[in-house]
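If you're matching positions, the sequence shown starts at 15 in the numbering used here and goes up one per residue.
C-beta atoms are modelled at their ideal positions from N, C-alpha and C, and glycine is treated no differently.
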Amino acid sequence: MSPKRVESAPPLKKVIENYPDAFLFCRTIGHRWAASTAHVREGGRIERVLACDQCEARRTQVIDSNGFIVGSSYAYAKHFAINGMGRLNASSRAELRLAGVRRVL
Ligand SMILES: [Zn+2]
Numbered sequence: 015m016s017p018k019r020v021e022s023a024p025p026l027k028k029v030i031e032n033y034p035d036a037f038l039f040c041r042t043i044g045h046r047w048a049a050s051t052a053h054v055r056e057g058g059r060i061e062r063v064l065a066c067d068q069c070e071a072r073r074t075q076v077i078d079s080n081g082f083i084v085g086s087s088y089a090y091a092k093h094f095a096i097n098g099m100g101r102l103n104a105s106s107r108a109e110l111r112l113a114g115v116r117r118v119l
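Right, dumping it as structure tokens:
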């Protein structure tokens, strides 16, 4: 059986060069979440949307009547995901972190 050809991702170094500061900082420091909207769903659960004021990511939480989070989902700005790389490993995250630090040195 021949190995399936996988679309190769651009090298991380190249991706980082064109990666916006906001994405780089959110990925390596964390998002800056602020409550954006909330509304009561049918059945009494509350849906709260948090928005990152830095990269425009959105986090939707479903909260039950006791305050427990029973559902959560995320939506990211276009190009936030580093296409073709899947979940980043520790080395890739370290490379991103170093790039983020260098941008503010
Ligand atoms: Zn963010």
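C-beta atoms of residue i and residue j nearer than 8 Å
i, j, result
"Cys40", "Gln68", "yes"
"Arg59", "Val84", "yes"
"Arg62", "Ala48", "no"
"Ala71", "His93", "no"
"Leu38", "Ala95", "no"
Which of helix, strand or coil DSSP assigns to residue i
i, result
"Ser86", "strand"
"Ala71", "coil"
"Glu61", "strand"
"Ile30", "helix"
"Thr105", "One point to set straight first is that residue 105 is Ser, not Thr, in the sequence displayed. DSSP places Ser105 in helix when its eight states are reduced to three."
"Ile43", "helix"
"Ala113", "helix"
"Ala49", "strand"
Supposed close pair residue i, residue j - CB separation, criterion 8 Å
i, j, result
"Glu109", "Ile43", "Their Cβ separation, rounded to whole angstroms, is 15 Å, which puts Glu109 and Ile43 out of contact at 8 Å."
Length of the line joining the Cα atoms of residue i and residue j
i, j, result
"Ser105", "Ala91", "24 Å"
"Arg101", "Arg107", "10 Å"
"Val118", "Ala65", "24 Å"
"Gly57", "Ser87", "19 Å"
"Asn97", "Val115", "22 Å"
"Asn32", "Asp78", "41 Å"
"Thr51", "Lys28", "37 Å"
"His53", "Ala36", "28 Å"
"Pro25", "Pro34", "16 Å"
So which residues put a beta carbon under 5 Å from any heavy atom of ligand 3, going in chain order?
Ligands displayed in this structure: ligand 1; ligand 3 is not among them.
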